[in-house]
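Whatever position you read off the sequence shown (first residue = 1), add 7 for the working numbering. Each remark here refers to the structure printed beneath this line.
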Amino acid sequence: IIVLRFVYKLEERIKMYELICGNIFDDKCDLIIVPCNSLGGVTGVVENELKENNIIYVSKPINVGNVKFVDCSMNCSISHVIGFAASTNVLTLGSNKKYIKSICEEVKKYCKRNSLRLVNFPLLGTGAGRLTPKESFEIIKRCFSEENEINVKVFVMSRDVYESLS
């Protein structure tokens, strides 16, 4: 099996963003942000990744726009913490920029409180949430643009989407 990995780096001030064509579980980090819906449900792909990485997760409701942080340092070698980000409202079957911004702000605060430096992000709200990849990417970048202490890697599963964003 050949795995292609493309990286696009954009420097803004001192901060470095990485846009990566791949999976949020591909690189070790301090915190992985996992997209879920407001009932805590994840996709089958994410569920399989959690199982492969020995991360036990029982879905519970999470207010849309919020994150449930779970310490997995004892079980998982890829990350210390998993953040289940409720980016899609199950009642409306959609997402919006406000939810993504709220999630980013919550992640920022959590990272600062717990001295976490490396975060793996997916493009939140772009699947069932119906945001465009560009909208999601711009919100994440903007939210972390003033952060010098947090390194953000934004993962994109599709090569076409990766190329359009880079």
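Ideal Cβ placement from N, Cα and C applies to all residues, glycine included. Computed from a prediction, not measured in an experiment: that's the story for all the values here.
- When L172, S94, N70, D33 are compared, the shortest CA-CA separation from T50 is found for S94.
- Three or more Cβ pairs closer than 8 Å define a contact, and the segment 81-92 meets that threshold against the segment 40-48.
- Runs of alpha helix (DSSP H) with 4 or more residues, each lying fully within the segment 115-160, are found at 140-151, listed in chain order.
- In the DSSP annotation of this structure, D34 is not part of any beta strand (DSSP E), being labelled neither H nor E.
- Within the DSSP bridge table, the entry for C79 names no partner.
- Shown here, G101 sits in a strand according to DSSP, grouped into three states.
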